[in-house]
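Residues 32 to 412 (my numbering) are what the sequence shown spells out, left to right. Ideal Cβ placement from N, Cα and C applies to all residues, glycine included.
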Amino acid sequence: MPLTGVRVLDLSRLLPGPFATMILAGLGAEVIKVEDLDGGDYMRWMPPLQDGTAAMFTAINRDKRSLRLDLKSARGRELFLDLVARSHVVLESFRPGVMDRLGLGAAALHARNPRLVICSISGFGQDGPDRLRAGHDLNYLARGGVLSISGAPDAAPAIPGVQMADLGGGAQSAVIAMLAALRRAEQTGTGSHCDVSMLDGMLSWMSPHIAAAQSGSTAGPSAMLLNGAHPCYHVYRCADGWITVAALEPKFWARLCALLGVEDLRDSAFATGTEADHAVERLEGVFRGATRAQWRERLGVEDACFEPVLTIAELLEDPQVRHRAQEVDGSPVWFPFRVGAQAHAPTGPAPGYGAHSRALLAEIGVGDAEWAQLVNDRVTA
Numbered sequence: 032m033p034l035t036g037v038r039v040l041d042l043s044r045l046l047p048g049p050f051a052t053m054i055l056a057g058l059g060a061e062v063i064k065v066e067d068l069d070g071g072d073y074m075r076w077m078p079p080l081q082d083g084t085a086a087m088f089t090a091i092n093r094d095k096r097s098l099r100l101d102l103k104s105a106r107g108r109e110l111f112l113d114l115v116a117r118s119h120v121v122l123e124s125f126r127p128g129v130m131d132r133l134g135l136g137a138a139a140l141h142a143r144n145p146r147l148v149i150c151s152i153s154g155f156g157q158d159g160p161d162r163l164r165a166g167h168d169l170n171y172l173a174r175g176g177v178l179s180i181s182g183a184p185d186a187a188p189a190i191p192g193v194q195m196a197d198l199g200g201g202a203q204s205a206v207i208a209m210l211a212a213l214r215r216a217e218q219t220g221t222g223s224h225c226d227v228s229m230l231d232g233m234l235s236w237m238s239p240h241i242a243a244a245q246s247g248s249t250a251g252p253s254a255m256l257l258n259g260a261h262p263c264y265h266v267y268r269c270a271d272g273w274i275t276v277a278a279l280e281p282k283f284w285a286r287l288c289a290l291l292g293v294e295d296l297r298d299s300a301f302a303t304g305t306e307a308d309h310a311v312e313r314l315e316g317v318f319r320g321a322t323r324a325q326w327r328e329r330l331g332v333e334d335a336c337f338e339p340v341l342t343i344a345e346l347l348e349d350p351q352v353r354h355r356a357q358e359v360d361g362s363p364v365w366f367p368f369r370v371g372a373q374a375h376a377p378t379g380p381a382p383g384y385g386a387h388s389r390a391l392l393a394e395i396g397v398g399d400a401e402w403a404q405l406v407n408d409r410v411t412a
C-alpha cells in the first residue's frame with residue numbers, strides 16, 4: 032500500500048479530520064485516534080446507533096486505533112510527545128491557538144520530530160481577523176458565496192444534503208496537503224505545518240464563478256451558473272419522482288430534444304427568463320408521462336446526459352454502484368479512487384473508545400505499574 036509505514040496521530044473529531052484520515056488509512060497508513068477522557072469523538076454517540084456505536088462513526092473510522100489521553104495533564108503531554116517522535120503526521124482541528132495553549136504547538140512538535148507533518152483544519156484558517164470565529168459547514172458555504180449561487184433563481188439558497196465544505200474544503204484538501212508535505216519531508220528532511228481552511232476550500236471551488244463575475248461581461252455571472260436556471264441543466268419531475276438532465280453540449284441537447292419529440296426547443300438550451308420557463312414547462316409535461324424506470328430504459332442507453340434521482344435505498348441496488356463497491360461485513364463500502372487495481376476502502380472495524388490505549392502506551396515503554404497509576408490519575412483509560 033502506498034502509505035504503509037506512515038503513522039498518523041489524529042486529534043480531530045466529527046467529519047472533516049476523520050474523513051481525511053479514513054483516506055490515509057485506506058492507503059495503508061496507521062491511524063491512531065487520540066481522544067480525551069470525556070467522551071472522545073462526538074460522532075461516536077450520534078444516532079442512529081448500531082450495536083451501541085454510531086453508524087456514521089463506523090463508516091469513517093474503520094482500521095483506526097483509539098487512545099484515550101488527557102493532553103491537559105503534564106504526563107499526558109509527555110506521552111503524546113513520545114508518540115510524536117515515532118510518528119509522521121499529526122492532524123488536529125481545534126480552534127487556532129489551542130495546540131499552543133496545550134504546549135503542543137508546531138514549534139514544540141517539530142522540536143521533538145523535525146520531519147513531522149502537522150495539519151491543522153479550521154473554519155477560517157490559522158490567521159486573519161476571523162480565525163477564532165465558530166462555524167460549521169453551512170456557515171462556510173455561506174461565507175464563501177456557494178449558497179448565493181445554489182438553488183433556483185429568486186428562491187431561498189438551497190442547502191446541500193452533503194457537507195461540502197467539511198468534505199471538500201476540509202477533508203480532501205487536508206489529504207492533498209498532507210501527501211504533499213510527506214513528499215517534501217522525504218525530499219528535504221524537513222517537516223511542515225499545513226494550514227487547511229474550509230472557507231479557503233470553498234473559495235477555491237468558487238474561482239471560476241468569481242472570475243466570471245469580475246470579467247466585465249454584460250451577460251453577468253448568472254449566465255453561466257449551473258443552478259437549474261437553464262432547461263439543459265435542470266431537475267424535472269416525472270410520474271414517480273425526479274430526474275436530472277445535464278445536456279450541456281449541443282450534441283447532447285439536440286439528441287435529447289429529438290428523443291423527446293421537442294426539437295423546436297433545440298435553441299433553448301441556455302434560455303433564461305420567460306423563454307426558460309416555457310421550455311422547462313414543456314419538458315416537464317413530457318417527463319411527467321412516465322416513471323423514472325421507464326425514462327431510464329428509454330434514455331439510459333442514449334448519450335443524453337440523463338440520470339434519475341435515487342434515494343439511498345435505491346442507489347444501494349443500482350448495478351453500477353454495486354459494481355464499484357467493496358463488501359465489508361456484508362455491506363457495501365466505497366473509496367473515492369483506485370490506484371491501479373488495488374482496492375483501498377478500510378475493511379477493519381472502527382475502534383472502541385480507548386480500545387488500544389494500553390497497547391499503544393506499552394509501545395513507548397509504559398509498564399503495568401505506571402499504567403495503573405496513569406489510569407488512577409485519569410491521564411488515560
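- In the DSSP assignment, residue 363 falls within the unbroken beta strand (DSSP E) covering 362-364.
- Here residue 316 carries a helix assignment [DSSP, helix/strand/coil].
- In the three-state DSSP reduction, residue 157 falls in the coil class, being neither helix nor strand.
- Going by DSSP, residue 326 is part of the alpha helix (DSSP H) stretching over 323-330.
- Within 10 angstroms of the beta-carbon of residue 79 lie fewer than 16 other beta-carbons, which makes it exposed.
- Between residue 163 and residue 132, the CB-CB gap reaches or exceeds 7 Å.
- Leaving aside the five residues that flank residue 212 on each side, the residues in its chain whose CB is nearer than 6 Å to its CB run, in chain order, 148, 223 and 225.
- Cβ-Cβ distances below 7 Å link residue 84 to 75 and 381 in the same chain, with the five nearest sequence neighbours on each side left out; the list follows chain order.
- Taking one beta carbon from each stretch, the stretch 259-268 and the stretch 277-290 have 3 or more pairs nearer than 8 Å; the two touch.
- Counting C-beta atoms within 10 angstroms of its own C-beta, residue 318 has 16 or more neighbours from the protein chains shown and is therefore classed as buried.
- The C-alpha of residue 333 is placed about 28 Å away from the C-alpha of residue 183.
- In the DSSP annotation of this structure, the continuous segment of the beta strand (DSSP E) that includes residue 275 starts and ends at 272-277.
- When the alpha-carbon of residue 33 is set against those of 118, 375 and 352, the nearest one is in 375.
- C-alpha of residue 100 to C-alpha of residue 387: approximately 11 Å in a straight line.
- When only Cα atoms are considered, residue 398 and residue 200 end up about 42 Å apart.
- The alpha-carbon separation between residue 372 and residue 355 amounts to approximately 12 Å.
- Only buried fits residue 206, as 16 or more other CB atoms lie within 10 angstroms of its CB.
- Shortest Cα-Cα distance from residue 394 to any of 275, 175 and 114 involves 114.
- DSSP, reduced to helix, strand and coil, places residue 227 within a strand of the structure shown.
- Taking a contact as a CB-CB distance under 8 Å, the pair residue 97 and residue 66 counts as one, their CB atoms being some 6 Å apart.
- Of all C-beta pairs linking the stretch 350-366 to the stretch 300-309, fewer than three are shorter than 8 Å, placing the two stretches out of contact.
- Under the 8 Å Cβ criterion, the stretch 213-221 does not count as touching the stretch 232-243, having fewer than three qualifying pairs.
- Here the alpha carbon of residue 267 sits roughly 22 Å from the alpha carbon of residue 179.
- Rounded to the nearest whole angstrom, the CA to CA distance from residue 302 to residue 335 is 18 Å.
- In this structure, the CA atom of residue 186 is about 37 Å from the CA atom of residue 72.
- Straight across, the Cα-Cα distance linking residue 294 with residue 315 is about 15 Å.
- Within the same chain, 46, 47 and 50 come within 8 Å of residue 198 by CB-CB distance, once the 5 residues on both sides are set aside.
- For the set 169, 272, 122 and 106, the Cα lying nearest the Cα of residue 338 is the one of 272.
- Sixteen is the threshold: since fewer than 16 other Cβ atoms of the shown chains lie within 10 Å of the Cβ of residue 347, the residue is exposed.
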